[in-house]
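Here's the structure, in structure tokens; my notes come after.
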Amino acid sequence: MAYWWSFSAETWALIVILISLILLYGYWPHSVFKRLGVPGPKPVPFFGNMLEYRKGMHHFDMECFQKYGRVWGIYDARQPALCIMDTEIIRTVLIKECYSLFTNRRNFRLNGPLYDALNIAEDEIWRRIRSVLSPSFTSSRLKEMFGIMKSHSRSLVENLQKTSERGESADIKEFFGAYSMDVVTSTAFSVDIDSLNNPKDPFVSNIKKMLKFSLFNPLFLAVLLFPFIGPVLEKMDLAFFPTAVTDFFYASLQKIKSERVAQDHKRRVDFMQLMIDSQKSEKDDQNGKETNKGLNDHEILSQSMIFIFAGYETSSSTLTFLFYNLASNPDTMKKLQEEIDETFPNKAEVDYDSVMNMDYLDAVMNESLRLYPVAVRLERVCKKTVEINGLTIPKDTVVLVPTYALHRDPEHWPDPETFNPERVTGNLEPIPGRIGQKAGYTLDRVPVHHRAQSHTHSHTHSYTSDTLTLWTRQSACMSLDWGRKPEYPEETPTGNPHSTGRTCKLRTHTHRGPRWESNPRPWRCEVCGERAHH
2 MAYWWSFSAE
12 TWALIVILIS
22 LILLYGYWPH
32 SVFKRLGVPG
42 PKPVPFFGNM
52 LEYRKGMHHF
62 DMECFQKYGR
72 VWGIYDARQP
82 ALCIMDTEII
92 RTVLIKECYS
102 LFTNRRNFRL
112 NGPLYDALNI
122 AEDEIWRRIR
132 SVLSPSFTSS
142 RLKEMFGIMK
152 SHSRSLVENL
162 QKTSERGESA
172 DIKEFFGAYS
182 MDVVTSTAFS
192 VDIDSLNNPK
202 DPFVSNIKKM
212 LKFSLFNPLF
222 LAVLLFPFIG
232 PVLEKMDLAF
242 FPTAVTDFFY
252 ASLQKIKSER
262 VAQDHKRRVD
272 FMQLMIDSQK
282 SEKDDQNGKE
292 TNKGLNDHEI
302 LSQSMIFIFA
312 GYETSSSTLT
322 FLFYNLASNP
332 DTMKKLQEEI
342 DETFPNKAEV
352 DYDSVMNMDY
362 LDAVMNESLR
372 LYPVAVRLER
382 VCKKTVEING
392 LTIPKDTVVL
402 VPTYALHRDP
412 EHWPDPETFN
422 PERVTGNLEP
432 IPGRIGQKAG
442 YTLDRVPVHH
452 RAQSHTHSHT
462 HSYTSDTLTL
472 WTRQSACMSL
482 DWGRKPEYPE
492 ETPTGNPHST
502 GRTCKLRTHT
512 HRGPRWESNP
522 RPWRCEVCGE
532 RAHH
């Protein structure tokens with residue numbers, strides 16, 4: 002101890018200054034919202050409010066909404082983030098001022114080869130890329146892709162039927178993930194990888210590795226806590242995503258692109274061809290010089306990569322939650338089946354126009370997206386200090402729209418935890434998937450509608466407490482038992498001689514099934530599928 006007291010006055014001064022600077026670095030950004038008069042949870046030095054994410058980002062947002070109202074401020078480490086649930090401010094940020102003040106998202110720099118992907122590109126580069134990609138999502142293009150989607154839907158139904166015949170439980174997220182991958186690669190690149198019949202396909206296994214990203218990844222935390230080291234780490238070729246995974250996809254996509262260019266005489270209408278065509282030089286009307294407003298080779302590969310990544314996760318999660326909600330709401334499923342039978346009597350051939358005009362199916366999907374939005378939050382970065390509806394948003398502040406909490410706002414959605422598709426019909430309040438400039442919603446809508454139609458036309462899901470599980474995170478995983486069509490609760494008589502006499506935990510009926518008096522093994526109730534004993 003005597004050694005410490007022997008330090009000179011200059012040394013002590015340096016120590017005090019160093020400690021003061023460290024504390025100032027950790028505390029300084031956390032006064033932004035206090036100065037603006039915006040309420041919010043108290044931040045922890047250096048980490049801000051990030052430690053609260055351990056309970057789940059969506060749960061944290063719900064707690065803040067209930068405590069602070071529709072506007073509150075939080076801190077992701079040192080970064081101020083303004084959370085908005087006021088619909089007028091949301092419309093201004095995501096629609097009215099999207100192209101002028103709120104164009105960009107946060108860029109953490111360590112993106113590897115994805116540095117020029119659409120969701121990372123900024124300002125004019127983002128506008129140029131988006132203008133090239135937008136024609137891929139027109140109704141006419143989607144209609145051309147519908148036949149491919151139908152083919153993969155039939156394959157999906159066949160695989161589910163085989164699983165049912167074997168008496169096995171189906172991991173629905175795995176099935177829908179493979180289905181989504183097959184649809185994306187077929188419609189975007191005219192490549193059939195058939196991952197439904199080959200679950201170990203490298204496309205699927207590698208995309209799963211990309212989804213294992215954690216907010217508490219040490220590299221991610223380091224960039225959040227010390228943003229100035231980002232360029233240094235970038236020079237060292239460090240990235241958030243595994244290098245082996247991105248290398249695999251870029252090599253595969255480069256091969257697909259090279260083969261497409263070599264076979265230029267075989268014209269195809271897909272996402273890849275649209276980007277290749279954009280590379281052709283155009284005449285500038287003002288000076289007559291040739292300008293290339295299309296995408297360069299690397300940009301084409303990056304958009305292809307992000308298309309696979311986004312298409313796989315969004316569609317598979319949307320379908321998974323949709324079928325979870327149908328399985329746990331038999332009345333809704335029955336009404337949906339009636340609409341399907343009316344639209345396609347006697348199992349008529351499915352066509353694009355009929356599917357897109359199925360109002361109740363659309364309402365069911367929207368209500369499912371309301372309860373379980375694909376993105377828990379949307380975000381934009383403010384380019385300059387601006388005041389919207391009396392709220393000052395400083396320059397470089399991240400503006401967050403907590404979609405999970407927004408979709409549970411009782412002002413817009415009475416009894417928000419209840420799955421009620423009727424509420425969505427004609428509702429002009431925020432509709433999940435349609436907030437802001439989002440072209441991908443239409444692309445998700447087609448496989449969701451067709452997949453729902455093709456499966457519920459011949460199946461009903463049995464919902465059991467043992468086999469149906471759900472993780473309400475960004476990536477859902479669910480197991481369902483698939484079996485023959487059961488009776489609905491209101492049609493089920495009580496006091497059946499084959500009944501156990503025990504009331505089902507899930508619905509108001511008594512279990513019933515085959516009487517195996519000499520067999521003590523458990524069986525499944527014909528009504529709800531729950532395991533029971535004689």
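Mapped onto the numbering used here, the consecutive letters of the sequence shown carry residue numbers 2 to 535. For each residue, glycine too, the CB sits at the ideal point set by N, CA and C.
Looking only at its chain, what residues have a beta carbon closer than 6 Å to the beta carbon of residue i, apart from the 5 residues adjacent to it on each side?
{"i": "Arg-306", "result": "Looking at the sequence shown, residue 306 is not Arg but Met. Hits under 6 Å: Phe-250."}
{"i": "Val-33", "result": "Pro-81"}
{"i": "Trp-13", "result": "none"}
{"i": "Tyr-464", "result": "Reliability fails at Tyr-464, whose pLDDT of 41 lies under 50, so the model's placement of it is uncertain and the value that follows must be treated cautiously. Here the set comprises Ala-328 and Ser-329."}
{"i": "Phe-147", "result": "Tyr-353"}
{"i": "Leu-15", "result": "none"}
{"i": "Arg-79", "result": "Pro-30"}
{"i": "Phe-66", "result": "Ala-406"}
{"i": "Gln-280", "result": "Gly-295"}
{"i": "Met-357", "result": "none"}
Which same chain residues end up closer than 8 Å to residue i when comparing Cβ atoms and leaving out the 5 residues on each side of it in sequence?
{"i": "Arg-381", "result": "Val-94, Leu-95, Cys-99, Phe-103, Thr-104, Asn-105, Arg-106, Val-399 and Val-400"}
{"i": "Leu-234", "result": "Arg-110, Leu-111, Leu-220, Ala-223 and Val-224"}
{"i": "Ser-9", "result": "none"}
{"i": "Trp-414", "result": "Arg-371, His-408, Arg-424 and Glu-430"}
{"i": "Ile-126", "result": "Asp-117"}
{"i": "Ile-121", "result": "Arg-106, Asn-108, Asn-112 and Leu-115"}
{"i": "Ile-20", "result": "none"}
{"i": "Thr-333", "result": "Asn-326, Leu-327, Val-365, Phe-420 and Pro-422"}
{"i": "Pro-243", "result": "Lys-210 and Met-211"}
{"i": "Val-377", "result": "Met-58, His-59, Asp-62, Pro-403, Thr-404, Tyr-405 and Gln-475"}
Would you check if the distance between the CB atom of residue i and the CB atom of residue j is smaller than 9 Å?
{"i": "Ser-303", "j": "Pro-114", "result": "yes"}
{"i": "Asn-326", "j": "Phe-176", "result": "no"}
{"i": "Tyr-361", "j": "Pro-422", "result": "yes"}
{"i": "Asn-207", "j": "Val-262", "result": "no"}
{"i": "Ile-301", "j": "Ile-277", "result": "yes"}
{"i": "Ile-85", "j": "Val-402", "result": "yes"}
{"i": "Ser-165", "j": "Tyr-180", "result": "no"}
{"i": "Ser-187", "j": "His-153", "result": "yes"}
{"i": "Met-359", "j": "Thr-319", "result": "no"}
{"i": "Asp-298", "j": "Lys-258", "result": "yes"}
{"i": "Phe-214", "j": "Arg-55", "result": "no"}
{"i": "Leu-392", "j": "Val-39", "result": "yes"}
{"i": "Ser-7", "j": "Lys-384", "result": "no"}
{"i": "Asp-183", "j": "Ser-196", "result": "yes"}
{"i": "Pro-395", "j": "Thr-386", "result": "yes"}
{"i": "Asp-410", "j": "Arg-71", "result": "yes"}
Just grab the DSSP bridge partners of residue i for me.
{"i": "Asp-62", "result": "Beta-bridge pairing links Asp-62 to no other residue."}
{"i": "Trp-73", "result": "Cys-84"}
{"i": "Thr-393", "result": "Glu-388"}
{"i": "Arg-381", "result": "Val-400"}
{"i": "Gly-49", "result": "Val-45 and Asp-77"}
Which residues in the same chain have their Cβ closer than 7 Å to the Cβ of residue i, if we skip the five residues on either side of it in sequence?
{"i": "Ser-369", "result": "Phe-322, Leu-323 and Asn-326"}
{"i": "Gly-178", "result": "Val-205, Tyr-313 and Ser-317"}
{"i": "Glu-89", "result": "Asn-390"}
{"i": "Val-45", "result": "Leu-52"}
{"i": "Tyr-489", "result": "Reliability of the predicted coordinates at Tyr-489 is poor, the pLDDT of 34 falling under 50, and no value is obtained from them."}
{"i": "Gln-255", "result": "Leu-302"}
Starting from residue i and walking both ways along the alpha helix (DSSP H), at which residues does that stretch end?
{"i": "Thr-244", "result": "244–263"}
{"i": "Pro-374", "result": "Note, Pro-374: premise wrong, no alpha helix (DSSP H); not H, not E."}
{"i": "Tyr-325", "result": "298–328"}
{"i": "Lys-35", "result": "33–37"}
{"i": "Asn-207", "result": "203–211"}
{"i": "Leu-111", "result": "Premise fails: Leu-111 is in no alpha helix (DSSP H) and is neither H nor E."}
{"i": "Leu-19", "result": "10–28"}
{"i": "Glu-235", "result": "231–236"}
{"i": "Arg-129", "result": "124–134"}
{"i": "Ile-96", "result": "Ile-96 -> no alpha helix (DSSP H), and no H or E assigned at all."}
{"i": "Val-224", "result": "219–226"}
{"i": "Ile-277", "result": "272–278"}
{"i": "Asp-342", "result": "331–344"}
{"i": "Val-410", "result": "What sits at residue 410 in the sequence shown is Asp, not Val. No alpha helix (DSSP H) contains Asp-410, which DSSP labels as neither H nor E."}
{"i": "Asp-354", "result": "353–357"}
**OP:** Determine, using beta-carbon pairs with one atom in the stretch 57–65 and one in the stretch 13–28, whether at least three such pairs fall under 8 Å.
**Re:** no
Subject >> Stretch pair the stretch 33–53 + the stretch 65–76: three plus CB contacts closer than 8 Å >> reply: yes
Original post:
If you pair each beta-carbon of the stretch 271–281 with each one of the stretch 131–146, do three or more pairs fall below 8 Å?
Top reply: yes
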